[in-house]
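Take a look at the structure below.
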Amino acid sequence: MFKFFRRNKEPEKVIEQKTEQALEKTRTGGVFEQIGKLFEVDDITDDFWANLETLLLQADIGYNLTEKLIEESQRRTLDENTKRTKDVERIFRETMIAVLQEAQGKAQSSVDAIHKREEQDREWERKKREKEEAKKNKQKSVPVAPISIPRNISADGEKRPYVILVIGVNGSGKTTSIAKLARYYQNGGGSVVLGAADTFRAGAIDQLKLWSDRVNVPCVAREPGSDPAAVAFDTVKYAQDHKIDIVIIDTAGRMQNNHNLMEEMKKIERTIEKAQVGAPNEILLVLEAVIGQNGLSQARIFTDAVGVDGIVLTKLDGTAKGGVAFAIANEMKIPIKYIGTGEKADDFAEFESEAYVHALFRR
Amino acid sequence: MFDTLSDKLESVFRGLTGKGKLTPTDIKTAMVEVKRALIEADVNLGVANDFIAKVEEEAVGEAILSSLTPGQQVVEVVNNKLIEMLGGESTGLTLASQPPTIIMMIGLQGSGKTTTVAKLALDLRHRKQKPLLVAADIYRPAAINQLEALGRQLNIPVYSEGNQVAPPLICQNAIAKAKSDGNTVVILDTAGRLQIDELLMNELVEIKNRVNPTEILLIVDAMTGQEAVNVAGEFNRRVGITGVVMTKMDGDARGGAALSVRSVTGVPIKYIGTGEKASALEPFYPDRIASRILGMGDVLTLVEKARAMYDEEQATKLQEKMMKGKFDLEDFLNQMRNMRKMGPLGSLLGLLPGVGKQIKELRNALDTPEAELMLKRTEAMILSMTPAERTSPEIIDSSRRKRIAKGSGTSVADVNDLLQQFKVMRQMTQKMSNGKDLDMASLMSGMGPGMPGGVNSRKQATSRPVDPLAQFKGSSGGGATGAFKKGKKK
Ligand SMILES: Nc1nc2c(ncn2[C@@H]2O[C@H](COP(=O)(O)OP(=O)(O)O)[C@@H](O)[C@H]2O)c(=O)[nH]1
Ligand SMILES: [Mg+2]
Numbered sequence: 000m001f002k003f004f005r006r007n008k009e010p011e012k013v014i015e016q017k018t019e020q021a022l023e024k025t026r027t028g029g030v031f032e033q034i035g036k037l038f039e040v041d042d043i044t045d046d047f048w049a050n051l052e053t054l055l056l057q058a059d060i061g062y063n064l065t066e067k068l069i070e071e072s073q074r075r076t077l078d079e080n081t082k083r084t085k086d087v088e089r090i091f092r093e094t095m096i097a098v099l100q101e102a103q104g105k106a107q108s109s110v111d112a113i114h115k116r117e118e119q120d121r122e123w124e125r126k127k128r129e130k131e132e133a134k135k136n137k138q139k140s141v142p143v144a145p146i147s148i149p150r151n152i153s154a155d156g157e158k159r160p161y162v163i164l165v166i167g168v169n170g171s172g173k174t175t176s177i178a179k180l181a182r183y184y185q186n187g188g189g190s191v192v193l194g195a196a197d198t199f200r201a202g203a204i205d206q207l208k209l210w211s212d213r214v215n216v217p218c219v220a221r222e223p224g225s226d227p228a229a230v231a232f233d234t235v236k237y238a239q240d241h242k243i244d245i246v247i248i249d250t251a252g253r254m255q256n257n258h259n260l261m262e263e264m265k266k267i268e269r270t271i272e273k274a275q276v277g278a279p280n281e282i283l284l285v286l287e288a289v290i291g292q293n294g295l296s297q298a299r300i301f302t303d304a305v306g307v308d309g310i311v312l313t314k315l316d317g318t319a320k321g322g323v324a325f326a327i328a329n330e331m332k333i334p335i336k337y338i339g340t341g342e343k344a345d346d347f348a349e350f351e352s353e354a355y356v357h358a359l360f361r362r
Numbered sequence: 000m001f002d003t004l005s006d007k008l009e010s011v012f013r014g015l016t017g018k019g020k021l022t023p024t025d026i027k028t029a030m031v032e033v034k035r036a037l038i039e040a041d042v043n044l045g046v047a048n049d050f051i052a053k054v055e056e057e058a059v060g061e062a063i064l065s066s067l068t069p070g071q072q073v074v075e076v077v078n079n080k081l082i083e084m085l086g087g088e089s090t091g092l093t094l095a096s097q098p099p100t101i102i103m104m105i106g107l108q109g110s111g112k113t114t115t116v117a118k119l120a121l122d123l124r125h126r127k128q129k130p131l132l133v134a135a136d137i138y139r140p141a142a143i144n145q146l147e148a149l150g151r152q153l154n155i156p157v158y159s160e161g162n163q164v165a166p167p168l169i170c171q172n173a174i175a176k177a178k179s180d181g182n183t184v185v186i187l188d189t190a191g192r193l194q195i196d197e198l199l200m201n202e203l204v205e206i207k208n209r210v211n212p213t214e215i216l217l218i219v220d221a222m223t224g225q226e227a228v229n230v231a232g233e234f235n236r237r238v239g240i241t242g243v244v245m246t247k248m249d250g251d252a253r254g255g256a257a258l259s260v261r262s263v264t265g266v267p268i269k270y271i272g273t274g275e276k277a278s279a280l281e282p283f284y285p286d287r288i289a290s291r292i293l294g295m296g297d298v299l300t301l302v303e304k305a306r307a308m309y310d311e312e313q314a315t316k317l318q319e320k321m322m323k324g325k326f327d328l329e330d331f332l333n334q335m336r337n338m339r340k341m342g343p344l345g346s347l348l349g350l351l352p353g354v355g356k357q358i359k360e361l362r363n364a365l366d367t368p369e370a371e372l373m374l375k376r377t378e379a380m381i382l383s384m385t386p387a388e389r390t391s392p393e394i395i396d397s398s399r400r401k402r403i404a405k406g407s408g409t410s411v412a413d414v415n416d417l418l419q420q421f422k423v424m425r426q427m428t429q430k431m432s433n434g435k436d437l438d439m440a441s442l443m444s445g446m447g448p449g450m451p452g453g454v455n456s457r458k459q460a461t462s463r464p465v466d467p468l469a470q471f472k473g474s475s476g477g478g479a480t481g482a483f484k485k486g487k488k489k
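And the structure:
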């Protein structure tokens, strides 16, 4: 079902290069670079492990993952019977990469499986409806017109808008990331429309409109204060009418413990589904790199509410590096999908575990 | 199992107390738990280590070692020390002796500066000040529109020169304008920036030099992690801050960044932001944040919230009625509405100390759409009764039941259930009023399966009594706070 996009995906090499470029900006002398320097010692001692633990905790990795990383690394060091710092460093990096990749792999396949199952259920219901419809028509003995199957539920893989819903707490970088994502897909040859469903925060609609002008994509909006779900609905319809490939919906920032706003978000999701069966196709949670352990609570509660397919990790041009996103990958198997490295539309890259980890520890 | 620090420490010490005296080593073990709690609350590791060292020094010396409840004693020392290090008392805003007062707002991108500008302006206007807001963020798309929209909403003037004039000049011009217009406070909304952005940090210094602000407030997101120390430290080193505002405290972050920021800068935290509305700005109380960091819940906030929602007079009346066994369906309805007014019960219970797993389950049960529906239906049924029926439910015979069911869109069986539950509840209140406290949890479990938190929560309710009502019934708050209140005065 995502074939269309796979085709547009950049070849691995290019991604790697772009990631490298983006990551250059993330070299800001933070705690990860200190971890890199840790491996400049001659011997791996108990002190070394203690220092590593300290730095990992300071990187917002959290206790659980920190302990796991250290235990795994120590175990493998023993297994390989090595004490060379070079080996330990490789083992440590591999352990870290494995955590990230596991989230990518597992989350990807489980998300795909869920989508597939949902798709099947819908297909079944649609057929049932069609049958009933046909029966009704027969009873009325009206000449049966060929039932026009709405494009968005055609079973033969016909193209329809791919809908992305972007969610997160206030100020995490949702709107900016949406502009970046629009630019990213445009570069890949897709057409994009943005939906200004943050109708709450003062100036939010203007902000998205300004961005849509800058990256030169249309933006569907209503008055400030109007129903965000309705805006989302309009946007999907607009994309269907104009045969646009990708819909990206901006939403208002919300705290995950705010019951009413979480309900509002669920309603936005349901309404998008009404505009197009199977949509939203992707739900992205935007986390900023400087966030602490609350990131885990966000991932958990947003996932419970609407399901999160991936994380956009923003503001990596700062000194913090979003260690909690690793903890989220470890505990919830939600992958990091994109990274934001500045305030311009091009400061953006696809996340690639290996390149990222190596860049993090580069010294 | 052990959700709070006190629980964890009790378990660490359990068994040890048997040997009469705890040793300094035992305290060290406890400190590992304390440290973990701090890190999980996002207190910076370095700050946490310093903190632990201080606590240890104090704890080893005190009578804790021979205490019967060493876990609680340690928590108390930790809590007191935390309050002390967070600044002890709450500190307000400094106003210039010679108006206008100039307040400069600085911080990272997305930390909440613009929103806080509006909140502060509103607060100052309540204090009879005449604020002018200045749009000095010329970089972020629509930042100026945002401030202007807020100004319009609050009817507070906004000074802007678009996005082509350099911010230091805009600020300078704004001060001149404020003076000529008779504004007593000028609040500068600067662009968000990274503390390592040379150019933009210089811009802040330039603004500072030109307008000589009365206050330079650093806006910090309460969800900030370990990096808070570097961010705040650098902003302070480069620009020199006079106060901190912690924003987004309405989230469920434990807010350890408060301790980190306070420790590295030494400047007071002056306000906290607790929501998106312009009125959601509160003074900072170190004791409240302390217990939140330790995961003990913010009892005082709960008590205040409940008080604000709950009419004391009504409460006294209710109690009197209960004593006389005259509690009726009207009161029942009011009671229910009060509970709903307090907002999503979940967030409220989250503020309670020692809210363990069982209670979380109870709170989930209360927050379900089914529970909500149940409350709505009960309300509809009571509203379909005549006043006489509400005060004397005994008179509700079968024809009345039919009428009530019809009027409320429910069934006679539903009405029967409600009346049955009410009967049980009335009996209970009579029993309880004989000297016992009104315990909402047991009250609800007494209401049977139909009510939220009914039968399946009975077990939980008895295993750890949570008594939201007790918190605002008396004037001294709930029993759980007692320990910390005592500690504070010491
Ligand atoms: N330095 C930096 N700033 C960013 C990045 N992404 C977003 N921002 C800034 O963060 C602030 C909040 O972003 P915005 O997109 O409005 O957040 P939203 O409230 O989640 O929509 C703005 O000032 C953005 O310019 C990033 O990758 N790096
Ligand atoms: Mg936004």
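Chains as they are written, first to last, in numbering that gives the first Met the number 0: chain A, 0 to 362; chain B, 0 to 489. Where is the CB? At the ideal position from N, CA and C, for every residue including glycine. No experiment lies behind these values; they were computed from the predicted model shown.
What whole-angstrom Cβ distance do residue i and residue j have, given they're in contact under 8 Å?
i, j, result
"B/A52", "B/V73", "Between B/V73 and B/A52 the Cβ distance is about 14 Å, and since that is not below 8 Å, they are no contact."
"B/I218", "B/G254", "Wrong, their Cβ atoms sit about 14 Å apart, outside the cutoff."
"B/L131", "B/L280", "That pair is no contact at about 18 Å."
"B/L21", "B/G70", "Not really, about 10 Å apart at Cβ, beyond 8 Å."
With DSSP as the reference, label residue i as helix, strand or coil.
i, result
"A/K24", "coil"
"B/V185", "strand"
"B/L348", "With a pLDDT of 49 at B/L348, under the threshold of 50, the modelled position of that residue is not reliable, and the figure given next carries that caveat. The answer is helix: DSSP assigns B/L348 an H, G or I state."
"B/M295", "coil"
"B/G232", "helix"
"B/P282", "strand"
"A/L312", "strand"
"B/I358", "Note that B/I358 scores 43 on pLDDT, short of 50, meaning its location in the model is unreliable and no value can be drawn from it."
"A/I69", "helix"
"A/E349", "strand"
"A/K336", "strand"
"B/I218", "strand"
"B/G242", "strand"
"A/G61", "helix"
"B/Q104", "Note that residue 104 of chain B is Met in the sequence shown here, rather than Gln. Strand."
"A/I43", "coil"
Enumerate in chain order the residues of its own chain whose CB-to-CB distance from residue i is below 8 Å, with the five nearest sequence positions on each side excluded.
i, result
"A/R269", "A228"
"A/V168", "G252, R253, M254, Q255 and Q297"
"A/E222", "T198"
Which same chain residues, not among the five before or five after residue i, have their C-beta less than 6 Å away from its C-beta?
i, result
"A/I245", "Y161, Y184, G189 and V191"
"B/A404", "S410, V411 and V414"
"B/R400", "V411 and V414"
At least one CB of chain D closer than 9 Å to the CB of residue i: is that the case?
i, result
"B/G70", "Of the protein chains in this structure, namely A and B, none is chain D."
Apart from the five residues just before and just after residue i, which ones in its own chain have a Cβ nearer than 7 Å to its Cβ?
i, result
"A/I282", "L164, I166, V305, G306, V307 and D308"
"A/A238", "P160, V192 and V246"
"A/G317", "T27, A288 and V289"
"B/T90", "P267 and K269"
"B/S383", "I403, G406 and S407"
Could you tell me whether the stretch 59-75 of chain A touches the stretch 300-311 of chain A, using the rule of 3 or more Cβ pairs below 8 Å?
no
Could you check whether the stretch 212-223 of chain A touches the stretch 193-201 of chain A, counting it as contact only if at least three pairs of C-beta atoms, one from each stretch, sit closer than 8 Å?
yes
Between the stretch 21-40 of chain B and the stretch 227-243 of chain B, are three or more C-beta pairs nearer than 8 Å?
no
Quick check: the stretch 162-181 of chain A against the stretch 276-291 of chain A, are at least 3 beta-carbon pairs closer than 8 Å?
Yes: at least three Cβ pairs fall under 8 Å.
Counting pairs of Cβ atoms below 8 Å between the stretch 141-151 of chain B and the stretch 195-214 of chain B, do you hit three or more?
no
Taking only runs of the alpha helix (DSSP H) that begin and end inside the stretch 19-73 of chain B, which ones reach a length of at least 4 residues, in chain order?
23-39 and 44-60
Is the stretch 163-170 of chain B touching the stretch 74-86 of chain B, taking contact as three or more C-beta pairs under 8 Å?
no
Scan the stretch 378-433 of chain B and note each continuous alpha helix (DSSP H) run of 4 residues or more that stays entirely inside, going in chain order.
386-390, 397-407 and 411-432
Ranges of the beta strand (DSSP E) found wholly within the stretch 175-205 of chain A, counting only runs of at least 3:
191-196
Can you list the beta strand (DSSP E) stretches of 3 or more residues lying completely in the stretch 129-171 of chain B, in chain order?
130-135
Does the count of Cβ pairs from the stretch 316-334 of chain A and the stretch 224-235 of chain B closer than 8 Å reach three?
yes
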